[in-house]
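Chemist: Submitted below is the structure of interest, expressed as structure tokens.
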Amino acid sequence: WSGRLESSIASRPVESRRLHESHPILRLSQESDSESGNWTLSDTSDVDLRDLFKDELRGIGDESRHQSIDAKYLDSVPPKGKSCIALLVRGQSDEIIKSFVNYHRAIGFDWIFIFFDDPEMDEQVIRAAKSWNRVSVYECTPTFWREEKIRDPEYFKVYEPHLNTEVMARQCIVVARAIADALDMGIDWLLHIDVDEALLVKDVKEFLQYIPANASQIRCLNWEAAVETDEVKNWFREVELFKINPKSIDKEILDQHGHFFMGYDCGKAFVRVKSGVVPRGVHAFGLRNESVSGFRDNDTIFEDGTNQHQRPGGSAIVLHYINAGFQNWERKYKLLGNFSDLEFGEDPVLPFHKLSRDSVRSSTSGIASSNLYNRLVVWRPEEMLVLRQRGVIKQVSWVGFVLEKVDMLAGVENFRIRDDV
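Written as structure tokens, this is what we have:
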């Protein structure tokens with residue numbers, strides 16, 4: 003998104019910079035850089051509402067803008083395929099889940115598979131979700147798990163010992179089920195992310211259209227929310243600042259900010275839906291065999307958000323709204339409970355993950371955990387300013403902008419995105 007944003011803004015007249023500050027949604031310009039052949043970034047304040055929701059108008063520009071793109075991406079380009087998302091949720095409001103669904107349907111996903119980890123807790127949300135368009139709802143009851151064991155006993159036994167203690171074990175099993183159902187439905191690509199994540203891309207159909215035909219997996223690096231306040235209700239609408247991935251930052255800058263990323267930094271993955279594909283953990287996919295082997299590097303496309311100029315479909319990043327809002331953070335760790343210090347009995351959990359567990363469990367009044375949250379999660383304005391000047395924290399308004407468009411079109415309660423697909 004933000005490839006040459008800083009220099010682009012600095013070179014503009016004051017009026018243009020004010021426009022950017024008031025409406026910082028970016029799009030690719032339809033005029034290429036004649037010297038480099040790259041597509042420059044420019045502001046947009048004139049997006050037609052229909053552009054977001056009609057296939058023939060979706061995206062940015064027409065076929066003429068592809069003329070300076072490397073021809074290798076235009077050879078044997080497959081037709082636009084269908085894509086879906088699979089996720090396991092627990093204890094989230096219908097507002098959060100609805101925002102997740104509406105945003106991802108608006109950018110082009112055809113189907114969402116939602117697995118509810120605790121059907122009794124989420125009974126009201128499940129009832130609402132069953133009425134949503136192009137959403138499959140699964141209630142993970144004891145009967146569901148027994149059926150999964152019968153449906154795919156070989157894969158199930160890999161995670162069965164950890165089924166009651168590891169959320170990630172349950173995630174792998176439900177995503178394997180989603181892959182099987184997506185295969186039956188003729189869906190081409192599946193993305194596994196969580197309800198506190200969003201894929202940052204203008205048009206997922208166009209993005210996937212230009213992925214080389216030999217690619218089986220797309221690994222998208224993640225950016226992590228830079229929290230400005232402890233009061234956040236709906237992170238998709240309220241959080242706009244993100245720390246770019248540490249893998250994209252100079253070590254010198256990282257050394258100056260010890261608690262830069264709180265969560266994972268290895269990204270999440272799309273997989274091409276086909277027989278024999280299963281999750282290989284929660285961050286990648288692999289092929290079914292005795293040990294679930296991972297895809298080779300030459301079968302995987304790596305996206306870090308900097309190569310948006312290399313393919314007509316642009317690049318993609320996973321936005322991770324981790325720890326957004328004190329109450330959301332506290333509720334998360336109350337639900338997770340007293341989990342082990344080791345993932346699957348082997349790998350140590352992330353330090354802040356463990357610290358959060360212990361703080362929430364021991365803080366009877368919430369004061370101690372609130373102090374910890376504000377000290378380690380909420381960024382001070384002076385820190386934020388320095389990191390934004392260095393290009394390490396970026397403003398991303400696209401998710402909230404899309405949701406506002408959805409609201410404007412029909413109202414959140416009754417709107418059904420792209421019923422004609």
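The working numbering numbers the first residue of the sequence shown as 3 and each following residue consecutively. The beta-carbon is built from N, C-alpha and C at its ideal position, and this holds for glycine as well.
Relative to the C-alpha of asparagine 376, which candidate in Glu233, Leu405, Ile87 has its C-alpha closest?
Modeler: Glu233
Chemist: Roughly how far, in whole angstroms, is the beta-carbon of serine 218 from the beta-carbon of arginine 282, given that I think they are within contact range, below 8 Å?
Modeler: Actually they are not in contact, since the Cβ atoms of serine 218 and arginine 282 sit about 12 Å apart, beyond 8 Å.
Chemist: In chain order, what residues of the same chain lie with their CB nearer than 7 Å to the CB of serine 277, ignoring the 5 residues before and after it?
Modeler: Leu185
Chemist: In the DSSP assignment, find the beta strand (DSSP E) that holds glutamate 226 and state where it starts and stops.
Modeler: DSSP places glutamate 226 in the uninterrupted beta strand (DSSP E) bounded by 224 to 227.
Chemist: Taking the straight line between their C-alpha atoms, what separation do you get for glutamine 126 and proline 350?
Modeler: 35 Å
Chemist: I believe leucine 202 touches leucine 321 by the beta-carbon criterion, under 8 Å. Please report the beta-carbon distance rounded to the nearest angstrom.
Modeler: 5 Å
Chemist: Just mark glycine 188 as buried or exposed, buried being the case when its beta carbon has 16 or more other beta carbons within 10 Å.
Modeler: By the 16-neighbour rule on beta-carbons within 10 angstroms, glycine 188 is exposed.
Chemist: Excluding the 5 residues flanking aspartate 141 on each side, which residues of the same chain have their C-beta closer than 7 Å to its C-beta?
Modeler: The sequence shown places glutamate at residue 141, rather than the aspartate named in the question. Correct list, in chain order: Phe118, Pro121, Ile128.
Chemist: Taking contact to mean at least 3 C-beta pairs separated by less than 8 Å, is the region 224 to 231 in contact with the region 240 to 255?
Modeler: The region 224 to 231 vs the region 240 to 255: in contact.
Chemist: Just tell me which of Gly315, Gly288, Ser342 has its CA closest to the CA of serine 177.
Modeler: The displayed chain sequence assigns valine, not serine, to residue 177. Valine 177 has its Cα closest to that of Gly288, out of Gly315, Gly288, Ser342.
Chemist: Report, in whole angstroms, the separation of the C-beta atoms of glutamate 242 and glycine 402, which I expect to be a contact under 8 Å.
Modeler: Under the criterion of beta carbons closer than 8 Å, glutamate 242 and glycine 402 qualify as touching, at roughly 7 Å.
Chemist: When we look at the beta-carbon of tyrosine 359 and count the other beta-carbons within 10 Å, is it buried (16 or more) or exposed?
Modeler: It should be pointed out that residue 359 corresponds to arginine in this sequence rather than to tyrosine. Buried, since its Cβ has 16 or more Cβ neighbours within 10 Å.
Chemist: Considering Cα atoms alone, identify which of Glu240, Val160, Asp301 is closest to alanine 215.
Modeler: Asp301
Chemist: Along the chain, where does the alpha helix (DSSP H) containing cysteine 268 start, and where does it finish?
Modeler: That residue, cysteine 268, is in no alpha helix (DSSP H); it is neither H nor E in DSSP.
Chemist: Are the CB atoms of methionine 386 and glutamate 240 nearer to each other than 8 Å?
Modeler: no
Chemist: Evaluate leucine 256 with the Cβ neighbour count: other Cβ atoms within 10 Å of its Cβ, from every protein chain shown; 16 or more gives buried, anything less gives exposed.
Modeler: exposed
Chemist: Quick one: complete alpha helix (DSSP H) runs, 4+ long, within the region 227 to 259?
Modeler: 237 to 240, 253 to 257
Chemist: Can you pull the DSSP bridge partners for cysteine 174?
Modeler: DSSP output for cysteine 174 lists no bridge partner at all.
Chemist: When you compare only the Cα positions, how much space is there between valine 408 and arginine 107?
Modeler: Per the coordinates, the alpha-carbon of valine 408 lies some 10 Å from the alpha-carbon of arginine 107.
Chemist: Rounded to whole angstroms, what is the Cα-Cα separation between arginine 153 and tyrosine 161?
Modeler: Here the alpha carbons of tyrosine 161 and arginine 153 stand approximately 14 Å from one another.
Chemist: To the nearest whole angstrom, what separates the beta carbons of alanine 370 and phenylalanine 209, a pair I think is in contact under 8 Å?
Modeler: Rounded, the Cβ-Cβ distance is 44 Å, inconsistent with contact.
Chemist: Cα separation between glycine 269 and glycine 307?
Modeler: 11 Å
Chemist: Give me whichever residues DSSP pairs with glutamate 141 in a beta bridge.
Modeler: Phe118
Chemist: With DSSP collapsed to three states, give me the class of serine 385.
Modeler: At residue 385 the sequence reads glutamate, which differs from the serine that was named. The answer is helix: DSSP assigns glutamate 385 an H, G or I state.
Chemist: On the CB-based measure, 16 or more other CB atoms within 10 Å of its CB, does lysine 84 come out buried or exposed?
Modeler: With a 10 Å radius around the Cβ and a threshold of 16 neighbouring Cβ atoms, lysine 84 comes out buried.
Chemist: With a 10 Å radius around its C-beta and 16 neighbouring C-beta atoms as the bar for buried, classify glutamine 94 as buried or exposed.
Modeler: buried
Chemist: Alpha carbon to alpha carbon, what distance is there between isoleucine 181 and asparagine 236?
Modeler: 29 Å
Chemist: I'd like to check one pair, tryptophan 400 with phenylalanine 272: are the Cβ atoms closer than 8 Å?
Modeler: No.
Chemist: Is it the case that the Cβ atoms of leucine 405 and tyrosine 105 are separated by a distance below 8 Å?
Modeler: yes
Chemist: Below 8 Å on the Cβ atoms is my contact criterion, and I expect aspartate 198 with tyrosine 323 to pass it. Report the Cβ-Cβ distance as a whole number of Å.
Modeler: 5 Å
Chemist: Using beta-carbon positions only, say whether phenylalanine 328 and serine 372 come within less than 8 Å of one another.
Modeler: yes
Chemist: Leaving out five residues before and five after glutamate 97 in sequence, what residues of the same chain have Cβ atoms less than 7 Å from its Cβ?
Modeler: Asn236
Chemist: Give me the Cα-Cα distance between arginine 382 and lysine 356, rounded to the nearest whole angstrom.
Modeler: 23 Å
Chemist: Who does valine 91 pair with in a DSSP beta bridge?
Modeler: Phe118
Chemist: Going by alpha carbons, who is nearest to serine 133 out of Gly110, Lys100, Asp205?
Modeler: Lys100
Chemist: Candidates His194, Phe238, Glu168: which alpha carbon is nearest arginine 179's?
Modeler: Looking at His194, Phe238, Glu168, the one whose alpha-carbon comes closest to that of arginine 179 is His194.
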